[in-house]
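>
2 protein chains.
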Amino acid sequence: MLNNDAGAPPGTTFQALESDDLVTRIADQVVRAIGDGRLRPGAKVAEAKLARELGTSRAPAREALRLLESQGLIVSHPRRGFFVHAYDADELADIYDLREALELHAADTALARMTEADVARLDAQVATLHRLGAAGMAQEQVVEDYGFHRMLCEIGGNRRIVKLFDHISTELRAGIAIVGRLYDDPVTLAATHDPLMAAIRDRDAERLKRELREHLEDARIHVVQLFRDAAADGKD
Amino acid sequence: MLNNDAGAPPGTTFQALESDDLVTRIADQVVRAIGDGRLRPGAKVAEAKLARELGTSRAPAREALRLLESQGLIVSHPRRGFFVHAYDADELADIYDLREALELHAADTALARMTEADVARLDAQVATLHRLGAAGMAQEQVVEDYGFHRMLCEIGGNRRIVKLFDHISTELRAGIAIVGRLYDDPVTLAATHDPLMAAIRDRDAERLKRELREHLEDARIHVVQLFRDAAADGKD
DNA sequence: GACAAATCAACTGTCGACAATCGGCTATTT
DNA sequence: AAATAGCCGATTGTCGACAGTTGATTTGTC
Chain A
13 MLNNDAGAPP
23 GTTFQALESD
33 DLVTRIADQV
43 VRAIGDGRLR
53 PGAKVAEAKL
63 ARELGTSRAP
73 AREALRLLES
83 QGLIVSHPRR
93 GFFVHAYDAD
103 ELADIYDLRE
113 ALELHAADTA
123 LARMTEADVA
133 RLDAQVATLH
143 RLGAAGMAQE
153 QVVEDYGFHR
163 MLCEIGGNRR
173 IVKLFDHIST
183 ELRAGIAIVG
193 RLYDDPVTLA
203 ATHDPLMAAI
213 RDRDAERLKR
223 ELREHLEDAR
233 IHVVQLFRDA
243 AADGKD
Chain B
13 MLNNDAGAPP
23 GTTFQALESD
33 DLVTRIADQV
43 VRAIGDGRLR
53 PGAKVAEAKL
63 ARELGTSRAP
73 AREALRLLES
83 QGLIVSHPRR
93 GFFVHAYDAD
103 ELADIYDLRE
113 ALELHAADTA
123 LARMTEADVA
133 RLDAQVATLH
143 RLGAAGMAQE
153 QVVEDYGFHR
163 MLCEIGGNRR
173 IVKLFDHIST
183 ELRAGIAIVG
193 RLYDDPVTLA
203 ATHDPLMAAI
213 RDRDAERLKR
223 ELREHLEDAR
233 IHVVQLFRDA
243 AADGKD
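Protein chains in written order, with my numbering: chain A, 13 to 248; chain B, 13 to 248.
1. Taking A:H117 as the query, report the chain B residues whose CB atoms sit under 7 angstroms from its CB, ordered along the chain.
2. Going along chain A in order, which residues have a C-beta closer than 9 angstroms to the C-beta of B:S82?
3. So A:L110 and A:K221 are supposed to be a Cβ contact under 8 angstroms. How far apart are they, rounded?
4. Are there 16 or more other CB atoms within 10 angstroms of the CB of B:S181, so buried, or fewer, so exposed?
5. Return the CA-CA distance between B:L123 and A:E65, expressed in angstroms with no decimal places.
6. Give the list of continuous alpha helix (DSSP H) stretches no shorter than 4 residues that lie fully inside the segment 76 to 108 of chain A.
7. Between A:L176 and chain B, is any beta-carbon pair separated by less than 8 angstroms?
8. Given a threshold of 16 other Cβ atoms within 10 Å of its Cβ, counted over all protein chains shown, does A:I173 qualify as buried or as exposed?
9. Quick check: what's the CA-CA separation for B:H89 versus A:D40?
10. Between A:E75 and chain B, is there a C-beta pair that is closer than 8 angstroms?
11. Taking the straight line between their C-alpha atoms, what separation do you get for A:M13 and A:E229?
12. Roughly how many whole angstroms lie between the Cα atoms of A:V35 and B:A146?
13. Let me know the secondary structure DSSP gives B:F26 once reduced to three states.
14. For chain B, find out if any of its Cβ atoms is closer than 8 angstroms to the Cβ of A:D230; answer yes or no.
15. Please name the residue, chosen from A:L134, A:R74, A:L176, A:G67, that lies closest to A:R213 on a Cα-to-Cα basis.
16. How far does the alpha helix (DSSP H) with B:A45 in it extend, from its first residue to its last?
17. Roughly how many angstroms lie between the CA atoms of B:I188 and A:Q151, to the nearest whole one?
18. Taking 8 angstroms as the threshold (beta carbon to beta carbon), is A:R37 in contact with chain B?
19. Could you pull the DSSP bridge partners for B:K56 from this structure?
20. Could you give the distance in angstroms between the alpha-carbon of B:A186 and the alpha-carbon of B:L85?
21. Taking the straight line between their C-alpha atoms, what separation do you get for B:T127 and B:G159?
22. Expressed to the nearest angstrom, what Euclidean distance is found between the alpha-carbon atoms of A:A98 and A:A73?
23. Looking only at its own chain, which residues have a Cβ that is under 8 angstroms from the Cβ of B:Q137, when we skip the five neighbours before and after it?
24. State the Cα-Cα distance for the pair A:L176 and B:N170, rounded to the nearest angstrom.
25. So B:E75 and A:R78 are supposed to be a Cβ contact under 8 angstroms. How far apart are they, rounded?
26. Using DSSP with H/G/I as helix, E/B as strand and the rest coil, what is B:T182?
27. With 16 as the cutoff for other CB atoms within 10 Å, does A:I107 come out buried or exposed?
28. Whose Cβ in chain A lies nearer than 9 angstroms to the Cβ of B:L110?
29. With B:G168 as the anchor, note down where its alpha helix (DSSP H) starts and where it stops.
30. Give me the Cα-Cα distance between B:V57 and A:A71, rounded to the nearest whole angstrom.
31. Excluding the 5 residues preceding and the 5 following B:S31 in the sequence, name in chain order all residues of the same chain whose CB lies nearer than 7 angstroms to its CB.
32. At a CB distance below 8 angstroms, what residues from the segment 87 to 101 of chain B approach chain A? Give them in sequence order.
33. Give me the chain B residues within the contact set of A:D106, using Cβ-Cβ distance strictly less than 8 angstroms, ordered along the chain.
34. Who are the neighbours of A:D33 on chain B, taking C-beta pairs under 7 angstroms?
35. What is the DSSP secondary structure of A:A244, counted as helix, strand or coil?
Shown next as structure tokens:
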């Protein structure tokens, strides 16, 4: 999940199997703890304690926290320590807004570069969404949902945008993990991708951008609303 | 230059003057060394050596390098060490493409939210560009050029985008520092901002976006070309 | 009983040390 | 002479330790 820079580099057959790295493993532990709620937003994550519990020294623990800080999941106050980033609704809205800018741009470029094979891949991915939706596998569907949007960015061909998309989706997933389930109805979620595919098949850039904007705007409003509700609940 | 998260927090008058932090100071040193060419792209930056030269221990040196890695200026190969990121032309093109997506989106939002005071600030900034251009102060002009574009992002109101813009401009400045001066003629550079201001004053979003796209596209082509030339020179 | 000062445990920032690993050099082999 | 194998210095990853802070608790005062 971390540092998934790219697939196999072009021209090579194998991908280097990197990092049984302590830092990465510690970071993953923390990410998991945040994801499943053991670490609540705003909670302090003391490097000494973390290192003690994991049986390592403080150096790699500290580095792992710094890594997560650079990914936005952790914030640090100098001489105070590290804390789980407590996203607020405004911030999530900002991130969605950013994502919209990215993805609309990527989609625009993508449509011009898209091969039939790409269309088929996207089609298959949407089919997967429907299948998971029908099976009620909401968790898995969320992953594949991001997969679809990531594909769009990939086809756009700008690696920096893909990297940023990965960054953002990590944050969004973390933010969403806090409020719990995203959509009540996975079948509906799957269906929202159909108009996108239609526009792609017709190679209609304007329509794709319009649909995509709507698609993301809905998601944004939905998440922000859920988040405000959750905040209101928590406040009492 | 590093970690300039935001201006003064809302509701406060002063901004905490943070971090006589060792890590930050080391990072700044490295940034400067990269900026003025003492550290060439691809050069190895050994943490032990860095620490020795700066008279600190390895821990903060290592953290500083990790920080710069998260900002893209440094890349690390596990068990191999840290190296100055050697940008290639494609990568710079990708970054410019990303910047275009960001800035067009921010500008669009900005125009809707813009007050007269904002317009005046932007106007003043362009005037500064002209002044510096006329004085032939190219270095300072580049800084203020980024300042203008940052203002646009700020007015757009999405903090995440501003943060990302800062991130990107750090990288671009580093990339550009490698090829040397960006524009031969600072007067011309200043002038390229006039059509943007005209569109802003007329509150014409479509025109602003069109002009801005052209403005950035020119810069992108210019930089990428310069960069390819520099690479061709260096290769012999 | 409430507020302010002193105390204290825990934590962070920084340091030097040690073992494992890497890249380059030398010696050996064909 | 070219290529390979083994060795060596240098560097990284990790560790435990120490001093200075921080926030919380306790103590003392009005």
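We put the CB at the ideal spot given by N, CA and C, even for glycine.
On the basis of the coordinates in this document:
1. For this step, residue 117 of chain A is matched to residue 105 along the first sequence. The contacting residues are A113.
2. Counting from one through the second sequence, the residue named residue 82 of chain B turns up at place 70. Ordered by position in chain A, the residues that pass the 9 angstroms Cβ test against B:S82 are R78, L79, E81, S82, Q83.
3. The residue given as residue 110 of chain A occupies position 98 in the first sequence. The residue given as residue 221 of chain A occupies position 209 in the first sequence. Between A:K221 and A:L110 the Cβ distance is about 16 angstroms, and since that is not below 8 angstroms, they are no contact.
4. As a position in the second sequence, residue 181 of chain B is number 169, starting the count at 1. Result: buried.
5. The count along the second sequence starts at 1 and reaches residue 123 of chain B at position 111. The count along the first sequence starts at 1 and reaches residue 65 of chain A at position 53. Their Cα atoms are separated by approximately 52 angstroms.
6. none
7. For the purposes of this step, residue 176 of chain A is taken as residue 164 along the first sequence, with counting starting at 1. So, interface residue.
8. Indexing the first sequence from 1 puts residue 173 of chain A at position 161. Under this definition A:I173 is a buried residue.
9. Reading the second sequence from its first residue, position 77 is the one you call residue 89 of chain B. Reading the first sequence from its first residue, position 28 is the one you call residue 40 of chain A. Answer to the nearest angstrom: the Cα atoms are 19 angstroms apart.
10. The residue given as residue 75 of chain A occupies position 63 in the first sequence. Yes - at least one Cβ of chain B is within 8 angstroms of the one on A:E75.
11. Translated into positions along the first sequence, residue 13 of chain A becomes position 1. Translated into positions along the first sequence, residue 229 of chain A becomes position 217. Residue confidence is low: A:M13 scores 41 on pLDDT, short of 50, so the model does not pin down where it sits. Its coordinate-derived value is still stated next. So the alpha carbons of these two residues sit roughly 26 angstroms apart.
12. Here residue 35 of chain A refers to the residue found at position 23 of the first sequence. Here residue 146 of chain B refers to the residue found at position 134 of the second sequence. C-alpha separation (whole angstroms): 51 angstroms.
13. Here residue 26 of chain B corresponds to residue number 14 of the second sequence, with the count starting at 1. For B:F26, the predicted structure reports a pLDDT of 45, less than 50, and the residue's modelled location is therefore unreliable. A value from the coordinates is still provided. Coil, per DSSP.
14. Residue mapping note: residue 230 of chain A aligns to position 218 of the first sequence, counting from 1. Using a CB distance cut-off of 8 angstroms, A:D230 does not count as an interface residue toward chain B.
15. Here residue 213 of chain A refers to the residue found at position 201 of the first sequence. The shortest Cα separation from A:R213 among A:L134, A:R74, A:L176, A:G67 belongs to A:L134.
16. For the purposes of this step, residue 45 of chain B is identified with residue 33 of the second sequence, where counting begins at 1. Residues 34 to 47.
17. The residue labelled residue 188 of chain B in the question sits at position 176 within the second sequence. The residue labelled residue 151 of chain A in the question sits at position 139 within the first sequence. The alpha-carbon atoms of B:I188 and A:Q151 are separated by roughly 44 angstroms.
18. Translated into the one-based positions of the first sequence, residue 37 of chain A becomes position 25. Answer no: the Cβ-Cβ gap between A:R37 and chain B never drops below 8 angstroms.
19. Within the second sequence, numbered from 1, the residue matching residue 56 of chain B stands at position 44. As a beta-bridge residue in DSSP terms, B:K56 pairs with B:F95.
20. Walking along the second sequence from the start, residue 186 of chain B turns up at place 174. Walking along the second sequence from the start, residue 85 of chain B turns up at place 73. Taking the straight line from one Cα to the other gives about 8 angstroms.
21. One-based indexing of the second sequence puts residue 127 of chain B at position 115. One-based indexing of the second sequence puts residue 159 of chain B at position 147. Rounded to the nearest whole angstrom, the CA to CA distance from B:T127 to B:G159 is 18 angstroms.
22. Along the first sequence, one-based indexing puts residue 98 of chain A at 86. Along the first sequence, one-based indexing puts residue 73 of chain A at 61. If I take the Cα positions, the gap works out to 20 angstroms.
23. Taking the first residue of the second sequence as position 1, residue 137 of chain B is located at position 125. Counting only Cβ-Cβ distances below 8 angstroms, and skipping sequence neighbours, we find E156, G159, F160, M163.
24. Locating residue 176 of chain A in the first sequence gives position 164, where the first residue counts as 1. Locating residue 170 of chain B in the second sequence gives position 158, where the first residue counts as 1. For A:L176 and B:N170, the distance between alpha carbons rounds to 16 angstroms.
25. Taking the second sequence and counting its residues from 1, one reaches residue 75 of chain B at position 63. Taking the first sequence and counting its residues from 1, one reaches residue 78 of chain A at position 66. Contact flag correct, Cβ pair sits at about 6 angstroms.
26. In the second sequence, residue 182 of chain B corresponds to position 170, counting from 1. Helix.
27. In the first sequence, counting from the first residue as 1, residue 107 of chain A sits at position 95. Buried, because 16 or more other Cβ atoms sit within 10 Å of the Cβ of A:I107.
28. Here residue 110 of chain B refers to the residue found at position 98 when the second sequence is read from its first residue. Neighbours of B:L110 on chain A, chain order: L114, H117, N170, R172, I173, L176.
29. Within the second sequence, numbered from 1, the residue matching residue 168 of chain B stands at position 156. Here the alpha helix (DSSP H) through B:G168 covers 150 to 168.
30. Numbered from 1 along the second sequence, position 45 holds the residue referred to as residue 57 of chain B. Numbered from 1 along the first sequence, position 59 holds the residue referred to as residue 71 of chain A. Each residue's alpha carbon lies about 20 angstroms from the other.
31. Translated into the one-based positions of the second sequence, residue 31 of chain B becomes position 19. Because the pLDDT of B:S31 is 49, which lies under 50, any placement of that residue in the model is unreliable, and the question is left without a value.
32. If the cut-off is 8 angstroms between Cβ atoms, the segment 87 to 101 of chain B has P90 near chain A.
33. In the first sequence, the residue the question calls residue 106 of chain A occupies position 94. Per Cβ cutoff of 8 angstroms: N170, R171, R172, I173.
34. As a position in the first sequence, residue 33 of chain A is number 21, starting the count at 1. P90, listed in chain order.
35. In the first sequence, the residue the question calls residue 244 of chain A occupies position 232. The answer is helix: DSSP assigns A:A244 an H, G or I state.
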